[in-house]
Amino acid sequence: MMKGASIDPDVSDYNDHFVDLPPANSSGNTIKNEPAAPSSNEQEFSSKSTCSNDSFEPSVPELDVSEVFDAELRRQRLETLKSEKRMFDKWTEMAAAHIKTYEEMVSIQRETLQ
Numbered sequence: 001m002m003k004g005a006s007i008d009p010d011v012s013d014y015n016d017h018f019v020d021l022p023p024a025n026s027s028g029n030t031i032k033n034e035p036a037a038p039s040s041n042e043q044e045f046s047s048k049s050t051c052s053n054d055s056f057e058p059s060v061p062e063l064d065v066s067e068v069f070d071a072e073l074r075r076q077r078l079e080t081l082k083s084e085k086r087m088f089d090k091w092t093e094m095a096a097a098h099i100k101t102y103e104e105m106v107s108i109q110r111e112t113l114q
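Read in order, the letters of the sequence shown correspond to residues 1 to 114 in the UniProt record's numbering.
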């Protein structure tokens, strides 16, 4: 069979770009990768990127602790108010259903007594 040839004709197109790898080193020696010397562009970049003024600090706005605390407190109060409103709305629905049930019960008793 030819190099890159396949039994399946649909696969043969993909094997046209077959790369022949060199045989493995059977002597037991391993190849050591040595770091490549930096190119001139890399050296130029590293010299430009190294500043004499290494005291760069990102500018973060100073936050007053009391302002953060007040904002968190307002957020928690808002959540509490929303929760209380939901509970009140549910309670109102339940009370309305309870009142309606009593009204129906009273009307049934009136009909029974008449």
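Cβ atoms here follow ideal geometry from the backbone N, Cα and C, with glycine treated the same way.
First through last residue of the alpha helix (DSSP H) which encompasses residue i
i      : result
Asp-89 : 65-113
Spatial distance of residue i from residue j (CA atoms)
i       : j       : result
Val-65  : Arg-77  : 18 Å
Lys-100 : Gln-109 : 14 Å
Met-87  : Thr-80  : 10 Å
Glu-67  : Leu-73  : 10 Å
Phe-69  : Ala-96  : 40 Å
His-98  : Glu-84  : 21 Å
Sequence-distant residues of its chain with Cβ nearer than 7 Å to residue i (five each side left out)
i     : result
Met-1 : A caution first: Met-1 carries a pLDDT of 48, below 50, which makes its placement in the model unreliable, though a value can still be read off. Excluding residues within five positions, none has a Cβ falling inside 7 Å.
Contacting residues, own chain, Cβ-Cβ under 8 Å from residue i (five flanking each side not counted)
i      : result
Thr-92 : none
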